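So the sequence shown is numbered by this note's numbering: it starts at 85 and just counts up by one. Quick reminder that beta carbons are idealized off the backbone N, C-alpha and C, glycines included. On a predicted model such as this, the values are computed, not experimentally measured, just so you know.
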Amino acid sequence: MAMDAVRVLVTGAAGQIGYALVPMIARGMMLGPDQPVMLHMLDIPAAAEALNGVKMELIDAAFPLLKGVVATTDVVEACTGVNIAVMVGGFPRKEGMERKDVMSKNVSIYKAQASALELHAAPGCKVLVVANPANTNALILKEFAPSIPEKNITCLTRLDHNRALGQISEKLNAHVSSVKNVIIWGNHSSTQYPDVNHATVTTRNGEKPVRELVANDEWLNKQFITTVQQRGAAIIKARKLSSALSAASSGCDHIRDWVLGTPKGAWVSMGVYSDGSYGIPAGIVYSFPVTCKNGEWSIVQGLKIDEFSRVKMDATANELVEEKSLAYSCLN
Ligand code: NAD
Ligand code: LMR
């Protein structure tokens, strides 16, 4: 029996992440190779012509899974009936700007779009916020869309998770798919804590802890952490633009694992509304290790947290608490 198309909204679709993301969705990288999709693309009036160009290219690419494209500058039309919403639209960080500089520009956008999603999205719509400050934009979206279940509103830290896998893979000259169970705790910012204490690599002799294989705590506790924390800034410095293909690909990974489930024995990192797990304050969107099943994520419980990790987990939580009050002051 033919499957119904899933409606996927991408906001900021005329931007550089949007341009990388929409063909990935239309090729089945987000929802699987058999799932038809209907793309809803939103951008602002100044980008309407470029948005229409993206629509033309989607038609020209003749994607077999793509059942239709809505390209609009009308937020209500864009949000109507969507099952998945990937919120990329916003003002990106430029070289030399701190993430807090983009806060006031972006939180007001997320407040407005929360209402449109709440009123017009399909029931059960799953939301992924990519635009920075991603955790706090997701929090604002949650606060101003009170009828969307809080479990359905998440933000992207999978890019940081994948960056951590990539760094370990490079260090050990091991294939990236053999590395698993790194964790990104906290904010998608330079205070995030990339944690390898539970990470393993599958070798010819079975699964081995990353700490045992790398055998260099100095590198793992300093250079590795800083490289992952600063990777977004390093890409901006190199490209004069923020990451796009890796952000788009990681966004597909985030939704695919959320909808279709995480592999057995593995977890991923997602920014989710904190329930107080691991002593992290409730009321912020914080990145935790999660497993997903039947379209629902759950925080991995019971991991041992050492003193080194505790300090770093709390520091990034504190930044999110501060961002939350800054966001509210921008809205007032
Ligand atoms: P971009 O400037 O190329 O694209 C952003 C698009 O959003 C533009 O087309 C712009 O017109 C549009 N836009 C602005 N206001 C809008 C609104 N109110 N409604 C709909 N669309 C709107 O930026 P980009 O490089 O694609 O990055 C997008 C966002 O993603 C930025 O905030 C960036 O910092 C963030 N980002 C997050 C991650 C992550 O891992 N969470 C990674 C990379 C980038
Ligand atoms: C990234 O991580 O690449 C982006 O979030 C860019 C940034 O603002 O750090």
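Checklist line | Rounded separation between A215 and L249 - CA only | finding: Along the sequence shown, read from residue 1 onward, the residue named residue 215 stands at position 131. Along the sequence shown, read from residue 1 onward, the residue named residue 249 stands at position 165. C-alpha separation (whole angstroms): 22 angstroms.
Note to self: I need the straight-line Cα distance from Y362 to L387, nearest angstrom please.
What the structure shows: Position 278 of the sequence shown, counting from 1, holds the residue named residue 362. Position 303 of the sequence shown, counting from 1, holds the residue named residue 387. Taking the straight line joining both Cα atoms gives about 9 angstroms.
Check: Taking 7 angstroms as the line, does the beta carbon of P176 fall inside it for any heavy atom of the ligand NAD?
Finding: On the sequence shown, residue 176 is found 92 positions in, with the first residue counted as 1. Yes - the ligand NAD has a heavy atom lying nearer than 7 angstroms to the Cβ of P176.
Note to self: Does M140 pass the burial test, meaning 16 or more other C-beta atoms within 10 Å, or should it be called exposed?
What the structure shows: As a position in the sequence shown, residue 140 is number 56, starting the count at 1. Residue burial annotation: M140 is exposed, with fewer than 16 other C-beta atoms found within 10 angstroms of its C-beta.
Next item on the list: Please find out if some non-hydrogen atom of the ligand NAD comes closer than 7 angstroms to the beta-carbon of I101.
Entry: Counting from 1 along the sequence shown, the entry for residue 101 is found at position 17. Checking the Cβ of I101 against the ligand NAD gives yes.
Next item on the list: Specify, as a first and last residue, the run of the beta strand (DSSP E) that K139 falls within.
Entry: Position 55 of the sequence shown, counted from the first residue, corresponds to residue 139. Unbroken run through K139 is the alpha helix (DSSP H), A132 to D144; no beta strand (DSSP E).
Next item on the list: State yes or no: is the C-beta of L243 nearer than 7 angstroms to some heavy atom of the ligand LMR?
Entry: Here residue 243 refers to the residue found at position 159 when the sequence shown is read from its first residue. The closest heavy atom of the ligand LMR lies less than 7 angstroms from the beta carbon of L243.
Note to self: At the level of alpha carbons, what is the spacing between A401 and I364?
What the structure shows: Stepping through the sequence shown from its first residue, residue 401 is reached at position 317. Stepping through the sequence shown from its first residue, residue 364 is reached at position 280. One alpha carbon belongs to A401, the other to I364, and they sit about 7 angstroms apart.
Notebook entry, point to check: If we count the other Cβ atoms within 10 Å of its Cβ and call it buried at 16 or more, is E254 buried or exposed?
Noted result: The sequence position of residue 254 within the sequence shown is 170, counting from 1. Here E254 is exposed: its Cβ has fewer than 16 other Cβ atoms, across all protein chains shown, within 10 Å.
Notebook entry, point to check: Under 8 angstroms between the Cβ atoms of V154 and H124?
Noted result: Locating residue 154 in the sequence shown gives position 70, where the first residue counts as 1. Locating residue 124 in the sequence shown gives position 40, where the first residue counts as 1. In this structure, V154 lies near H124, with their beta-carbon atoms less than 8 angstroms apart.
Notebook entry, point to check: Whole beta strand (DSSP E) runs in the segment 331-402 with 3 or more residues, listed along the chain?
Noted result: Every beta strand (DSSP E) stretch that sits fully inside the segment 331-402 and reaches 3 residues is listed by chain position as 352-357, 369-377 and 380-383.
Next item on the list: Mind checking which residues open and close the alpha helix (DSSP H) that includes L249?
Entry: Here residue 249 corresponds to residue number 165 of the sequence shown, with the count starting at 1. L249 -> alpha helix (DSSP H) spans R242 to L256.
Margin query: Rounded to whole angstroms, what is the Cα-Cα separation between K396 and L93?
Written below: Here residue 396 is taken as the residue at index 312 of the sequence shown, counted from 1. Here residue 93 is taken as the residue at index 9 of the sequence shown, counted from 1. C-alpha separation (whole angstroms): 35 angstroms.
Note to self: Judging by CA-CA distance, which residue of S371, Q251 and C163 is the nearest neighbour of Q276?
What the structure shows: Your numbering for residue 276 matches position 192 in the sequence shown. Taking each of S371, Q251 and C163 in turn and checking the Cα distance to Q276, the smallest one comes out for S371.
Notebook entry, point to check: For M113, which of helix, strand or coil comes out of DSSP?
Noted result: Looking up residue 113 in the sequence shown gives position 29. M113 falls in the coil class under three-state DSSP.
Notebook entry, point to check: Is A331 near the ligand LMR, going by C-beta to nearest heavy atom under 7 angstroms?
Noted result: For the purposes of this step, residue 331 is identified with residue 247 of the sequence shown, where counting begins at 1. In this structure, the C-beta of A331 approaches the ligand LMR to less than 7 angstroms from one of its heavy atoms.
Note to self: Could you compute how far the alpha carbon of V211 sits from the alpha carbon of E296?
What the structure shows: Here residue 211 is taken as the residue at index 127 of the sequence shown, counted from 1. Here residue 296 is taken as the residue at index 212 of the sequence shown, counted from 1. A straight-line Cα-Cα distance of about 38 angstroms links V211 and E296.
Next item on the list: Compute the minimum distance between the beta carbon of S327 and the heavy atoms of the ligand LMR, and state whether it is under 7 angstroms.
Entry: Position 243 of the sequence shown, counted from the start, is the residue given in the question as residue 327. S327 Cβ: within cutoff of the ligand LMR.
Margin query: Once the 5 residues before and after A134 are set aside, which same chain residues still bring their CB inside 6 angstroms of it?
Written below: Here residue 134 refers to the residue found at position 50 of the sequence shown. For A134, where only same-chain residues beyond five positions count, the Cβ hits under 6 angstroms are A98.
Item checked: Cβ neighbours of R113 in the same chain (closer than 8 angstroms, five flanking residues each side left out) -> Counted from its first residue, the sequence shown places residue 113 at position 29. For the record, residue 113 in the displayed sequence is Met; it is not Arg. Beyond the five residues adjoining it in sequence on each side, M113 comes within less than 8 angstroms, by CB distance, of S333, C336 and R340 in the same chain, given in chain order.
Notebook entry, point to check: Got a sec, what are the start and stop residues for the beta strand (DSSP E) M122 sits in?
Noted result: Here the question's residue 122 lines up with position 38 in the sequence shown. Residues V121 to L126.
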